[in-house]
Amino acid sequence: MKKKVAIIGAGPGGLTSAMLLLSRGYEVDIYEKDPAVGGRTGRFLLGDYLFDIGPTFLMLPGYIEEIFRLAGRNIHDYVEVTPLDPLYRLSYDDGTEFNPSPDMQKTMTEIKRVMPGELDNYLRFRHDESYRFNRIERSFKIPYCSLYDFLRPAFIEALPQMDVSGSLQGRLQKYFSDEKMRLAMTFQTKYIGMSPWQAPSAYSLISYIEYQWGIHHVTGGLNRLTLAMSKVVAGLGGRVHTSTKVRHIISKGKKAVGIALEDGRTIESDYVIINADFAYAMSNLIQTKRKYTDADLKRRKYSCSTFMLYLGVKKKYDMPHHNLIFGEHFKDYMDEITMTKRPSAQSLVYVHNPAVTDSTLAPEGKSPIYILVPVPNNKVSIDWDKLKHSFT
Ligand SMILES: Cc1cc2nc3c(=O)[nH]c(=O)nc-3n(C[C@H](O)[C@H](O)[C@H](O)COP(=O)(O)OP(=O)(O)OC[C@H]3O[C@@H](n4cnc5c(N)ncnc54)[C@H](O)[C@@H]3O)c2cc1C
Numbered sequence: 000m001k002k003k004v005a006i007i008g009a010g011p012g013g014l015t016s017a018m019l020l021l022s023r024g025y026e027v028d029i030y031e032k033d034p035a036v037g038g039r040t041g042r043f044l045l046g047d048y049l050f051d052i053g054p055t056f057l058m059l060p061g062y063i064e065e066i067f068r069l070a071g072r073n074i075h076d077y078v079e080v081t082p083l084d085p086l087y088r089l090s091y092d093d094g095t096e097f098n099p100s101p102d103m104q105k106t107m108t109e110i111k112r113v114m115p116g117e118l119d120n121y122l123r124f125r126h127d128e129s130y131r132f133n134r135i136e137r138s139f140k141i142p143y144c145s146l147y148d149f150l151r152p153a154f155i156e157a158l159p160q161m162d163v164s165g166s167l168q169g170r171l172q173k174y175f176s177d178e179k180m181r182l183a184m185t186f187q188t189k190y191i192g193m194s195p196w197q198a199p200s201a202y203s204l205i206s207y208i209e210y211q212w213g214i215h216h217v218t219g220g221l222n223r224l225t226l227a228m229s230k231v232v233a234g235l236g237g238r239v240h241t242s243t244k245v246r247h248i249i250s251k252g253k254k255a256v257g258i259a260l261e262d263g264r265t266i267e268s269d270y271v272i273i274n275a276d277f278a279y280a281m282s283n284l285i286q287t288k289r290k291y292t293d294a295d296l297k298r299r300k301y302s303c304s305t306f307m308l309y310l311g312v313k314k315k316y317d318m319p320h321h322n323l324i325f326g327e328h329f330k331d332y333m334d335e336i337t338m339t340k341r342p343s344a345q346s347l348v349y350v351h352n353p354a355v356t357d358s359t360l361a362p363e364g365k366s367p368i369y370i371l372v373p374v375p376n377n378k379v380s381i382d383w384d385k386l387k388h389s390f391t
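Structure (structure tokens):
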């Protein structure tokens, strides 16, 4: 008899778990509260315009290719992946623009043009990060289920390179004196909703990964990846139950034995996998005595949030696929949004212009423009109905 697994959530995490478990012979059901799969990696339709809800940068596509391969599938039968050049355009408050590329020579020419004093520093940074990445990468691929996993050779080899003590800005100051170059290598902390002054220095690997292996686009948007994953799940015999919210996990002693759905049904299973956010799951889905109490969860620090504009525009723009615009007083802004005060200015704006690469997202001559501005999270009360007008 096959072991039964219930997965709560059809985001990329839940779908990946389903693909891997199905390919190893488990019986899998995914319960998703929303009407469609994808979670934050889902899509949003506005008339003729199609938007990714969240993710727009695909890095290291080899990882997702490997998940498909482990499930007995070839990702290229499902989606078209294109590397972007330039990676993005960075526009600074003094009017300078910097367009790095996955092509090392082009990036070097661009650094010479914009920040000539930083070329040797950049080469030193690339060299050091390459050394670190090669020693850390194997540790990304091992499971961390118990303390014994931290004794595995892949983790022990990576440990000296992880440099968890300092901040990212601290690390970058050892390489670069030009503030523009430091911004180019640290703005990536926006991906995890942190400030470069608070993010751990190990995060410099993200900018290294972008410059070394590039940023990729999936035709139709990154939401196509989760759609493709749900097709693989169905093809392997898994079931995805959309519009089906899980109320809580049913346990016997310390073991999860099933789930209770919002509609009153109960489902028995041998295992339960939670793909929902950690803090939400702890306080809502787990009803037995918990390791993390509500008081523990309240004390924790949470990442900042984002203000999103999805604009269907009747024209095309002559600008790259990804654009980051930096304003003045960037550090003050980062402090304000991550220490959850009301921001005095918007010193970082990301504009996604995918129509320059992909004609499937809007009718001819039109563009789906996605604008993201980091803002404080909902731990601080802000009257967004009032404040939203200052963003338009
Ligand atoms: C604005 C934004 C931009 C981003 N940009 C990028 C990017 O460029 N590149 C990148 O790699 N990442 C990016 N990310 C991060 C990326 O979206 C997430 O890392 C990824 O979606 C997380 O996947 P997940 O499966 O863990 O969770 P999620 O995508 O959040 O999926 C969780 C799923 O669980 C479901 N769920 C929750 N509770 C229940 C319940 N009780 N019952 C049933 N279902 C439930 C939710 O509806 C959801 O579908 C971005 C995120 C945001 C918000």
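Position one of the sequence shown corresponds to residue 0 (numbering that gives the first Met the number 0), numbered consecutively onward.
Ideal Cβ placement from N, Cα and C applies to all residues, glycine included.
*asked:* Please identify the residue among Leu167, Gly252, Ser203, His240 whose C-alpha is closest to the C-alpha of Pro34.
replied: Within the sequence shown, residue 34 is the residue found at index 35, counting from 1. Checking every option, the nearest Cα to that of Pro34 belongs to His240.
*Name, in chain order, the residues that DSSP records as bridge partners for Ser250.*
Translated into positions along the sequence shown, residue 250 becomes position 251. Paired residues: Ala255.
*Starting from Asp28, follow its DSSP beta bridges and name the residues at the other end.*
On the sequence shown, residue 28 is found 29 positions in, with the first residue counted as 1. DSSP lists Ala5, Arg238 as partners of Asp28.
_How far does the alpha helix (DSSP H) with Asp51 in it extend, from its first residue to its last?_
Here residue 51 is taken as the residue at index 52 of the sequence shown, counted from 1. Here Asp51 belongs to no alpha helix (DSSP H); instead the beta strand (DSSP E) covers 48 to 51.
*Assign Tyr91 to one of three DSSP states: helix, strand, or coil.*
Here residue 91 refers to the residue found at position 92 of the sequence shown. Coil at Tyr91, not helix or strand.
_Per DSSP, cross-strand counterpart(s) of Pro85_ = Taking the sequence shown and counting its residues from 1, one reaches residue 85 at position 86. In the DSSP output, where bridge partners are listed per residue, Pro85 has none listed.
*Using only the heavy atoms of ligand 1, determine whether one of them is closer than 7 Å to the beta carbon of Val217.*
Residue 217 sits at position 218 when you count from the first residue of the sequence shown. No, the beta carbon of Val217 sits no closer than 7 Å to any heavy atom of ligand 1.
*Label Asn352 either buried or exposed according to how many other C-beta atoms from any shown protein chain fall within 10 Å of its C-beta, with 16 as the threshold for buried.*
On the sequence shown, residue 352 is found 353 positions in, with the first residue counted as 1. Looking at its Cβ environment, which holds 16 or more other Cβ atoms inside 10 Å, Asn352 is buried.
*Quick one, which of Asn322, Ser22, Arg181, Gly94 has its alpha-carbon nearest Gly116's?*
As a position in the sequence shown, residue 116 is number 117, starting the count at 1. The option with the nearest alpha carbon to Gly116 is Arg181.
*What residues in its chain sit with their C-beta under 8 Å from that of Ile191, if we drop five residues either side in the sequence?*
As a working note, residue 191 is residue 192 in the sequence shown. Excluding positions up to five away in sequence, the list reads Ala198, Tyr202, Ser302.
*How about Pro319 and Arg112: are their beta carbons less than 8 Å apart?*
One-based indexing of the sequence shown puts residue 319 at position 320. One-based indexing of the sequence shown puts residue 112 at position 113. Cβ atoms of Pro319 and Arg112: not closer than 8 Å.
*With a Cβ-Cβ cutoff of 8 Å, do Leu310 and Ile368 count as a contact?*
As a position in the sequence shown, residue 310 is number 311, starting the count at 1. As a position in the sequence shown, residue 368 is number 369, starting the count at 1. Their beta carbons are under 8 Å apart, which means Leu310 touches Ile368 by this criterion.
*Got a sec? Which residues, its chain only, sit under 6 Å from Tyr349 by beta carbon, not counting five neighbours each side?*
Here residue 349 refers to the residue found at position 350 of the sequence shown. Once the five neighbours on either side are set aside, the close Cβ partners of Tyr349 are Leu323, Leu371.
*Which whole-angstrom value is the C-beta distance of Thr40 and Gly13, which I expect to be below 8 Å?*
The residue given as residue 40 occupies position 41 in the sequence shown. The residue given as residue 13 occupies position 14 in the sequence shown. Incorrect: roughly 11 Å between the Cβ atoms, too far for contact.
*Residue(s) in a DSSP beta bridge with Met307*: Within the sequence shown, residue 307 is the residue found at index 308, counting from 1. BP columns for Met307 point to Leu371.
*Leaving out five residues on either side along the sequence, give the residues of the same chain with a beta carbon under 8 Å from the beta carbon of Thr339.*
Within the sequence shown, the letter at position 340 stands for residue 339. Here the set comprises Cys303, Pro375, Asn376, Lys378, Val379.
*With respect to 7 Å, is the separation between the Cβ of Asn274 and the closest non-hydrogen atom of ligand 1 below this value?*
Here residue 274 is taken as the residue at index 275 of the sequence shown, counted from 1. Checking the Cβ of Asn274 against ligand 1 gives yes.
*Thinking just about the alpha-carbon of each residue, which of Phe390, Leu45, Thr359, Lys300 is nearest to the one in Thr337?*
In the sequence shown, the residue the question calls residue 337 occupies position 338. Comparing Cα positions, the closest option is Lys300.
*asked:* Measuring only from the beta carbon, is Ile7 closer than 7 Å to any heavy atom that is part of ligand 1?
replied: Here residue 7 is taken as the residue at index 8 of the sequence shown, counted from 1. Yes; taking the cut-off as 7 Å, the Cβ of Ile7 has a heavy atom of ligand 1 nearer than that.
*Spell out a yes or no on whether the region 202 to 216 and the region 125 to 135 are touching, meaning 3 or more CB-CB pairs, one atom from each, closer than 8 Å.*
yes
*Helix, strand or coil at Tyr77 [DSSP, three-state]*: As a working mapping, residue 77 is identified with position 78 in the sequence shown. Coil.
*Residue range of the unbroken alpha helix (DSSP H) whose run includes Arg42*: Position 43 of the sequence shown, counted from the start, is the residue given in the question as residue 42. It is not in any alpha helix (DSSP H) - Arg42 instead sits in the beta strand (DSSP E) that spans 42 to 45.
*In whole angstroms, what is the alpha-carbon distance linking Thr81 and Val217?*
Position 82 of the sequence shown holds residue 81. Position 218 of the sequence shown holds residue 217. C-alpha separation (whole angstroms): 6 Å.
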